[in-house]
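Protein chains in written order, with this note's numbering: chain A, 1 to 108; chain B, 1001 to 1141.
Reading through the structure tokens given below for one structure.
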Amino acid sequence: MGLNILVTQGSDEVIVKLSGELDAAVAPRLKETVEKAAEAKPKRLVFDVSELEFMASAGLRVLIFAKQKMGGGVSLYMIGSHGPVLNTLTMSGFHHSVILQDTYKPVD
Amino acid sequence: METRSMPAALESLAEIRRFVKEAAERARIEDSRSYQLQLAVDEIATNIILYGYQDAGEGAVISVSSEANGDALVITLKDQSPPFDPRAMQVPEATELAKPLEERKIGGLGIFLAIQGVDRFEYRHEDGSNLNIFEVRSGHG
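What follows is the structure, encoded as structure tokens:
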């Protein structure tokens, strides 16, 4: 199944839509996407995970990488996380640092 | 008992998850517990492939087996990389998990998720092989 990544550049944000399965085999591709997104110096990095069916800790590490690469001033959004992916995010404490929303609506 | 062996490469992870998912369906494990089990096995397999076998090159093999045992499903990962007990790895504590991401340490999350996600996790080293054993029970979830 693998991972599909679709990047949309907004005025203040980069939106990264993920579908499929995010494991350690494909996480390096997402890391490259984040590196490229960082070059545009967006205010927000938005991951749409509504169609993401599986996420391993390799995906969480990309989120940590994004935050550390882009700096504390950039907000991370996770849109449409539900079920087990949401469960993994909260178990790992990521809900403290990432803005979780059902649909994207900038709040900062 | 059913066993499948595959190359110890990250590309095998999807097949390992599929094997676990099918075993969980046969054992009538509910979907959310099946997912936690797939995640647990995926995390430990990732560790074995990336760190256990890092210098092994081609020919390194990881095998996954399933066995139904009453209302429990037992999945075992077997590999011949150097002995490593995941339970000995320091996992993040509550204070670490509450930290902002920019202050987070990278390591230990996978093993944390693996051990938290199953009803029983066990490790043994036998006859030159690492055995990582995962158990989930159906029914009273």
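Even for Gly, the Cβ is constructed at its ideal location relative to N, Cα and C.
These numbers come from a predicted model, not from an experiment.
Consider the Cβ of E1058 (chain B): report whether some Cβ of chain A lies at a distance smaller than 9 Å.
Cβ-Cβ to chain A under 9 Å: no for E1058 (chain B).
Just checking: is the beta-carbon of K43 (chain A) within a distance shorter than 9 Å of some beta-carbon in chain B?
K43 (chain A) does not count as touching chain B.
Which residue from A:P106, A:S57, A:N4 and A:G73 puts its Cα closest to that of S50 (chain A)?
That would be A:N4, whose Cα lies nearest to the Cα of S50 (chain A).
Can you tell me which of A:T103, A:E53 and A:S97 puts its alpha carbon nearest to the alpha carbon of L76 (chain A)?
If we check each option's Cα against that of L76 (chain A), A:S97 comes out closest.
Tell me the DSSP secondary structure of A24 (chain A) in three-state form.
Of the three classes helix, strand and coil, the one that applies to A24 (chain A) here is coil, per DSSP.
How would you list, in chain order, the residues of chain A whose beta-carbon sits under 8 Å from the beta-carbon of G1110 (chain B)?
Chain A residues near G1110 (chain B): A56, S57 and A58.
CB contact check: S97 (chain A) to chain B, cutoff 9 Å
Yes - at least one Cβ of chain B is within 9 Å of the one on S97 (chain A).
Taking 8 Å as the cut-off, is the beta-carbon of T103 (chain A) closer than that to any non-hydrogen atom of the ligand FAD?
The ligand FAD is not part of this structure, which contains no ligands at all.
Going by the beta-carbon positions, is the gap between N1132 (chain B) and K1099 (chain B) smaller than 9 Å?
Between N1132 (chain B) and K1099 (chain B), the gap from beta carbon to beta carbon reaches 9 Å or more.
Less than 8 Å between the CB atoms is what I'm expecting for L52 (chain A) and L30 (chain A), so what's the real figure, rounded?
In fact, because the Cβ distance is near 11 Å, the residues do not count as touching under 8 Å.
Beta bridge counterpart(s) of H1125 (chain B) as assigned by DSSP
In DSSP, H1125 (chain B) forms a bridge with B:N1130.
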